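S.K.: In the working numbering, the protein residues as written are 122 to 280.
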Amino acid sequence: MSDPLQKIKQKIQEELTALEHELSVDLPKEIAVARAHGDLSENAEYKYAKERQGFVNARIAQLKKRMGDLGMLNLTNIPKDRAGYGSRIVVLDTSRDVKIEYKLVSSEEADAEKGYISTTSPIGRALLNHKVGDEVQVTTPAGPKEFEVVRLVTIHDGE
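#1: Would you list, in sequence order, the uninterrupted alpha helix (DSSP H) runs of no fewer than 4 residues that lie entirely inside the stretch 166 to 251?
#2: When we look at the beta-carbon of G159 and count the other beta-carbons within 10 Å, is it buried (16 or more) or exposed?
#3: Nearest-angstrom Cα distance between A179 and E143?
#4: Can you give me the Cβ contacts of I132 inside the same chain, cut-off strictly under 7 Å, excluding the 5 residues immediately before and after it?
#5: What residue range does the beta strand (DSSP E) around V271 cover?
#6: Under the three-state reduction of DSSP, which class applies to V253: helix, strand or coil?
#7: Let me check one thing: in DSSP terms, what residues is Q258 bridge-paired to?
#8: Between which two residues does the alpha helix (DSSP H) containing E151 stretch?
#9: Measure the beta-carbon distance from P243 to T261 and round it to whole angstroms, keeping in mind my assumption that it falls under 8 Å.
#10: Does the stretch 251 to 258 come close enough to the stretch 183 to 191 that 3 or more CB-CB pairs lie under 8 Å?
#11: Would you please state the rounded distance, in angstroms, between the beta carbons of S227 and S208? I believe it to be under 8 Å.
#12: Out of L248, A165, L213 and Q183, point me to the one whose CA is closest to G205's CA.
#13: Measuring only the C-alpha atoms, how far is M122 from D232?
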């Protein structure tokens with residue numbers, strides 16, 4: 122099985138590289154220019170650059186932690202008979218009598234219009250570890266929903 126997380130890792134690495142460049146090259150230049158304007162207490166450019174520097178530092182730390190978390194994921198531990206990361210799952214919305222297909226993905230891959238929902242979203246969390254035939258109740262921002270799992274293809278079964 123190829124590493125389905127490789128695309129996510131690459132996307133995070135690209136953002137990390139851009140932010141590290143901004144932190145070490147662009148922001149120091151902006152701060153130096155702002156300092157040259159004199160009084161720092163009323164200098165909006167300096168204040169903005171310092172705030173941006175704090176934001177960039179926090180985002181870099183967040184992305185590095187996420188890379189570490191992804192590095193520790195072992196896809197062989199995902200259940201073969203229940204919904205988990207990478208699963209395609211067809212559910213019946215029992216209140217509307219409509220079938221909906223979801224793919225359970227990471228938060229970086231989520232795209233509701235394509236049916237890609239994060240395993241950390243309310244519906245994604247509710248569907249985790251369920252099998253065909255299970256009834257699932259989930260509280261969403263739009264109100265409570267009830268689903269029945271009618272089809273499941275795990276990451277191990279392929280597409």
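For glycine and all other residues, C-beta sits at the position ideal for the given N, C-alpha and C. None of the values given here were measured: they were computed from a predicted structure.
M.R.: On the basis of the coordinates in this document:
#1: 243 to 248
#2: exposed
#3: 13 Å
#4: In the sequence on display, residue 132 carries Lys and not Ile. These residues qualify, in order along the chain: E229.
#5: G264 to V274
#6: coil
#7: E267
#8: L148 to A157
#9: 5 Å
#10: no
#11: No, S227 and S208 are not in contact; Cβ-Cβ is about 13 Å, not under 8 Å.
#12: L248
#13: The pLDDT assigned to M122 is 40, lower than 50, so where the model puts this residue is not dependable, and the model offers no usable value.
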